[in-house]
Amino acid sequence: MTAARRALGVCYYPEHWDEALWLDDARRMVEAGLTWARIGEFAWSRLEPEAGRLEFDWLDRAIDTLGSAGLKVILGTPTAAPPRWILDRHPDAVIVDADGRARKHGSRRHVCFSHAGYLAECRRIVSFLAERYGRHPHVAAWQTDNEFGCHDTVISYSDAARRAFQDWCARRYQSAEALNRAWGNVFWSMDYGDFGQIDLPNLLVAQANPAHMMAFRRFSSEQVARFNRAQVEIIRRHSDAPVIHNYMGRFLDFDHFQVGADLDVAAWDSYPLGFLLTRLGDDEARCARYLRQGDPDAQAFHHDLYRAVGRGRLWVMEQQPGPVNWAPWNPAPLPGMARLWAWEAFAHGAETVSYFRWRQAPFAQEQMHAGLLRPDSADAPALAEVRQVAAELTDMPEAGTAQARVAIVFDYASAWAWEAEPQGQDFDYFDLVFAIYRALRRKGLSIDILPPETATLDGYRVVLVPALATLPEPLSAALAGFGGTAILGPRTNAKTSEMSLRVPLAPALPGLDTVVARVESLPPFADVPLADGGAFRRWFEHLEGRAEVVERTREGRPAMVRSGGLTYLAGWPDDVALDRIVARACADEKLATLDLPEGLRVRDTATHRFVFNYAPEPQDFEGVALPPAGVSWRPL
Amino acid sequence: MTAARRALGVCYYPEHWDEALWLDDARRMVEAGLTWARIGEFAWSRLEPEAGRLEFDWLDRAIDTLGSAGLKVILGTPTAAPPRWILDRHPDAVIVDADGRARKHGSRRHVCFSHAGYLAECRRIVSFLAERYGRHPHVAAWQTDNEFGCHDTVISYSDAARRAFQDWCARRYQSAEALNRAWGNVFWSMDYGDFGQIDLPNLLVAQANPAHMMAFRRFSSEQVARFNRAQVEIIRRHSDAPVIHNYMGRFLDFDHFQVGADLDVAAWDSYPLGFLLTRLGDDEARCARYLRQGDPDAQAFHHDLYRAVGRGRLWVMEQQPGPVNWAPWNPAPLPGMARLWAWEAFAHGAETVSYFRWRQAPFAQEQMHAGLLRPDSADAPALAEVRQVAAELTDMPEAGTAQARVAIVFDYASAWAWEAEPQGQDFDYFDLVFAIYRALRRKGLSIDILPPETATLDGYRVVLVPALATLPEPLSAALAGFGGTAILGPRTNAKTSEMSLRVPLAPALPGLDTVVARVESLPPFADVPLADGGAFRRWFEHLEGRAEVVERTREGRPAMVRSGGLTYLAGWPDDVALDRIVARACADEKLATLDLPEGLRVRDTATHRFVFNYAPEPQDFEGVALPPAGVSWRPL
Amino acid sequence: MTAARRALGVCYYPEHWDEALWLDDARRMVEAGLTWARIGEFAWSRLEPEAGRLEFDWLDRAIDTLGSAGLKVILGTPTAAPPRWILDRHPDAVIVDADGRARKHGSRRHVCFSHAGYLAECRRIVSFLAERYGRHPHVAAWQTDNEFGCHDTVISYSDAARRAFQDWCARRYQSAEALNRAWGNVFWSMDYGDFGQIDLPNLLVAQANPAHMMAFRRFSSEQVARFNRAQVEIIRRHSDAPVIHNYMGRFLDFDHFQVGADLDVAAWDSYPLGFLLTRLGDDEARCARYLRQGDPDAQAFHHDLYRAVGRGRLWVMEQQPGPVNWAPWNPAPLPGMARLWAWEAFAHGAETVSYFRWRQAPFAQEQMHAGLLRPDSADAPALAEVRQVAAELTDMPEAGTAQARVAIVFDYASAWAWEAEPQGQDFDYFDLVFAIYRALRRKGLSIDILPPETATLDGYRVVLVPALATLPEPLSAALAGFGGTAILGPRTNAKTSEMSLRVPLAPALPGLDTVVARVESLPPFADVPLADGGAFRRWFEHLEGRAEVVERTREGRPAMVRSGGLTYLAGWPDDVALDRIVARACADEKLATLDLPEGLRVRDTATHRFVFNYAPEPQDFEGVALPPAGVSWRPL
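Chains as they are written, first to last, in the numbering used here: chain A, 1 to 636; chain Y, 1001 to 1636; chain H, 2001 to 2636.
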């Protein structure tokens, strides 16, 4: 169990406003109950208008104004928005996309993580900031960069990336022959004679070797970690304040566990309405129902995920307060949602929820993005809800999360593996994990998410490990010795670490006597019905072996098998099947479940049960009436 | 009221045919009742086969042949189809598209408006033509270029365009600091240190700054005007004949009012069937019903628009006579449509309707495009209808249009603004204006379209100003003093001239006590129902203020408010709501409306009421039976 | 009638496996009844790891091992997978795609057919192979390259292709003036002054001249033939074994008749399930029904087509044995299909059916592609079916095909013509031909496919020539003298050899008094109903002339006309109309037809009637009960 003070914050851009407004802004923030102000993360062109010409006076004054008013400052490094002169000095630093097109200045994040000159510039500006503010009394936390990878910028096909990838391959494989063997380059005469011949896997006429793809994805992810680490090392040299990064929703292009290992807290930016219509927008009926509330499980999932990434320490760095500007459509939240989202975060262990942003900027890209103030400085609707949360926090200031009884293992590399080789075009790792997460949450369960490096499963009763491409040895061992119900599959442990099929065949887990003899991917119009109801969609594996058959297809093939505590699932279950599978596992493990009305969700902390109504209609639960966007809690 | 002789014409390409055919062709044109022949606009490679080697003899003979037969010649400048040797002299003159790809010779319009060398070549060939034919007795009109912007060629991302845009910015903003301030470049550290750092807004990793986009769209539009003006100035030096350009349908990439200000007549190229399945093709049922007639309002809309662009003088330079080659499918018009379309044009004030083309060419890109003759020189079906119109014109040779009582303000810059920042992905300026236009026309109203620079609304009773991003001061003043019903919104006056939000908030019109406090864009599955029926789709604004509420949403929010003569509409009404809004405005202003059968349309001139049956079934109206494609008229 | 021994084979990659496995593999192949092993076609990087360093020893040993075990070897030239060092020597040899992007090493087929340096390298490696193995006792056949054009690689826009195309134009037209005249380049001033100005028809802003497109497609096709011929000439210098190429399904980018003229046998690679969901996947209900069987007519069509390409000699070089890896979804075949597909091939005259591949490779791109063995060397399900077919072949070893009574003329150039100028966006040549083929096969007919150069129709009673863009003179003459029923149209003979419309108008066939006066293409929601049932879809021609009207539209226009034995069809008939048209033609010619249950198919050889059940349910036919995937035969 972890516990920390709960607090509210806001993102603020002093450089956007006349300095005469700062003091009044700061006072209104404090008056509204806010504790934290995040600043600075896009201000490079104002901190260093020309290479080497530093202008930090305004930032000194801004921090003083905010701090003197009673706010703690989170200071962001400005490396996500390099100024135009960076390209004068490093014209080849720009990202090159999969089509071979060099990208341009004019928005943000257009520079390649692998470019040494850009990295040096970043080290320089971060050093200036850390030296100047590392011991500043009002600077109480740091943010590195901003939303690594936003706008699909993890992957670059630039010359800088190609050379760095060649080095990465040389370090990993030592010889071209070893690389050829590891990747199976004998196939189609793809062999390399030396590392300098290796190119990035874009612009091929046919699909790339999945081993090549997978190596490039691992490399690209590590470049992000390396970039972040360079900043953290500088900051830590000068400051003891926690160092944080703000991740995004449903973003899998780098291994957040790896980046998170270098940081003190994992924060994320939560935009429930924007995400619903973009990254989760495959179901029109769901989008219509939750248009102004957001998906009832998506925030919870990311809280659980990033709590794991933060090794227990979780923040929301940006919380949507009203309509945004970047989704295909941008409706307004239901009244009450700005409060509900905050409490959902706190119930999942968030220490701080920081709204984005203080005042809506009337200019540039995000002028249609709501803030807590309107552009004319009047209160926007969310501000009253912020005040309410602030008041409620005075009665319940501690955030505490207990270890859950149910866990899902989440693995970024598996997402890359199945992108490199989906086999069925709709086989999406996140979709599968999230479908299972939803099924668990429909039963009122509180869930932990575990990294693939997990070495012990103590305390859990039900653990799910879907589609984890390559089981690490410690996790395999933990599963083999697990006393609860572990559900693996489909596709779990199907691959070697070099993205080949296993021989002997998968899942290749000691104690689980089953073999995936054949694999089928299935179009949406050809499900495989199960004998007990529901069906497999998208994916079905033909199992052989002597494990006990727990579920069968209607045609009689094994659909789920079990040896001891290890269960293997041979396909992608639909919701009907998932509900049964979850119910059976919970019953086997004597875990209580709930039958929740559609749109109602529950989360238990160490001390309280929280209930959230995401439905657009009122709901009753355990004797409490919740209006739309209603939240209630009671002590456990 | 304007009045001019009505006439028919045809487009002819003497260079496509053996000279032996010319005389017979000319005689058959005259025999069919044609008055005008447009020639020359793609003949550059035959007028100047190599740089500086001029071959004008054949054109002399062609003009003589046509003129001697009794035809008046419209002579086109050939700059829309530069010959191949232009690229030998100016290899960098080609358009570069948004993906950074240099385009190639092999069709037409592949050259960048901003390229100085190309412009010089154009000046040269236009000078030769103007000098030779400026006082020619048979050359009675000029056409500059052909369909500016066809094939999406207004916008180019070439080096020539980039340099010209930097100059444009320097002239407009004088200093980089002023530009940074105007665009809000402090956001995301987008500041420029000098104008040479400014790039064109393509190939960014995230969206561009809408101010940057808007400046680039204005610049791109002005380059067209500048290109046209260069030709007009040369022609006018040598000729007193009217100078015309032939615009296209639903084409908004440049400001036609600005180009039109330099010309004597606005012409357009009317392809009702092709447009139905391309630029208006979002409604399958409508496409099925009007497949062989074209949209019943699209021609009318463009006649009204281009009559405004031509400051009263309107031509149809190319009229579809049969199946074309360029739509996704190319059906044949119903018998009678070649006549109906001509009369619809005349009823809207067209002086000349010129069919495209005389004889179907059996070769090259448009070999499947019908003409008045088949490739084997037999009459195509439309020729008999042309003869009928010619005969009818002898009884009604005068074209006169009266000022309408109803007007819509149309603004090209608003189309660019909402493309730069749609906020909802289906927010399309043309769609909104056209939906309103259709609603007016369903009520039998005759409509004027007004430019945004309009400074007086005298004579109008109902004026609609939807989504006009930035109200010019003279129009604001005219609206403030308007004695009829003016309906603004949604989004009207939402932006400053630099594409920022207004503070104080929009609509910021003196006398209209309402404020757009918040904006929502809505997906197709989430309309906002109105209390009196119908709904807002796509867009809904939350209004505050003390203006009288005329319409409410079913949930009780203001949907339309009024202070005096100024009405503000808070969303995008569906057809049910639009019909009510139009009916109420007309009732308030005591304007008579009609209840027209589906597909029947009416247009009143100064002297006559014209009735057109676009429906595929016969219709009765005011005691007259109209077959499909039927036209009738009676004196007013 | 042709006759040859029927046999089975398999594709094998000794370089993929430890040499210790080879002998056991060879013995198991022979034990399973396989006769042939194809090897070598992707082994270049192992045969020549660096330029000039040859390593053929392993191949010697592999051939010896296979041959000694009793197998005949088909040796493939490895030119489809050039090693990485080829690009070190010829960096500009890569394909440039239509977007102007140079493609990369990392898969296969990324090199341009027009590149002289690559061609020289290919000649070199083929010479080494032919010299070494040309008289080898175990090398009993040769395969040139592999699947010419796979991954859309026939067409390249590289500099090498451009220069070669300019030469091709110079040879064909002799002067730029002649080319301008032939293509109609006067249109839009597209004239060229010399051949060096001619560019490839990509990256234009508007559509290309169809004559330009057509010339480029002819050129691109000829480059493939030239490339193949270079290899054949070398092999024939050293070997008397038959030379074969393995074509693909529904692949039209080069003229297979032209390539086939240089070869001894036409082979193709048959992947019924993969094709169903990709190249034939427009009908979801059909895909659902035949998901695990493949389209019931697609294999038959290609057998008939390639039998023509092979001038009677047909092989299946790669036969799908289980799920593949490259379709959007990859289900498993129904039990029995690996046998059914083989018998369908034999019934159409195939001499050899060779399965792809022996053992599933656990690495690289195709690791999810099934083989006859699993990756762990256990039998995959298809192996038992292979054994069954091998046993059945001992009773019926001879393959013989009789000339059919019904024929369709198939013309690759027509596919290019209608791609260059579809006129309606869904006018697809293959779709039309295949729709007619299906209608014939629904009636139980056995069909021959004829090349456009066919000069005699002796022996046929019904011949269909749909949409053949330009009728060659010998075929015109054969049709004029044909005693049976010939059905032409729509679009047949619409074009000159230079892709212009004909004047006098098409179809311009002596003896057929009809003229296509006008053409309409139609969207899916606007069919033209026929008086006797069914409708024209997509395409409808207005006919004039005195030919007898056999069918009319419901509105009374001619839909099918006849003069003597020549029938002209004025549109694209739906299945209802096609069934009637086929039935009438067969009745007229006294050809027996069958009424087959949905999914049952029949094929007659010279000696036997074969019946195949593609349906997922059992069927009875002529007293025989066939389970799903069932095959039966009886002597005729």
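Where is the CB? At the ideal position from N, CA and C, for every residue including glycine.
Once DSSP output is grouped into helix, strand and coil, what is the label at residue i?
i, result
"L1488 of chain Y", "strand"
"T2065 of chain H", "helix"
"G2483 of chain H", "coil"
"V549 of chain A", "strand"
"T2352 of chain H", "strand"
"A2140 of chain H", "strand"
"I408 of chain A", "strand"
"R2027 of chain H", "helix"
"C2112 of chain H", "coil"
"P2474 of chain H", "helix"
"T2514 of chain H", "strand"
"A267 of chain A", "strand"
"G76 of chain A", "strand"
"D1588 of chain Y", "helix"
"L2450 of chain H", "strand"
"A4 of chain A", "strand"
"C169 of chain A", "helix"
"G1571 of chain Y", "strand"
Between residue i and residue j, how many whole angstroms is the CB-CB distance? I'm expecting something under 8 Å.
i, j, result
"V259 of chain A", "V316 of chain A", "Actually they do not touch by this definition, with Cβ atoms about 17 Å apart."
"R603 of chain A", "S446 of chain A", "6 Å"
"G489 of chain A", "P507 of chain A", "7 Å"
In or out: residue i buried (at least 16 other Cβ within 10 Å) or exposed?
i, result
"R2546 of chain H", "exposed"
"Q1403 of chain Y", "exposed"
"L1505 of chain Y", "buried"
"E2015 of chain H", "buried"
"P1618 of chain Y", "exposed"
"G76 of chain A", "buried"
"E48 of chain A", "buried"
"K590 of chain A", "exposed"
"E1541 of chain Y", "buried"
Along chain Y, in chain order, which residues have C-beta atoms closer than 8 Å to that of residue i?
i, result
"L280 of chain A", "Per Cβ cutoff of 8 Å: no residues; L280 of chain A is ~14 Å from chain Y at best."
Problem - chain H contacts from the segment 1345-1368 of chain Y (Cβ-Cβ distance under 9 Å) - result: Q1360, A1361, P1362, F1363, A1364, Q1365, E1366, Q1367 and M1368
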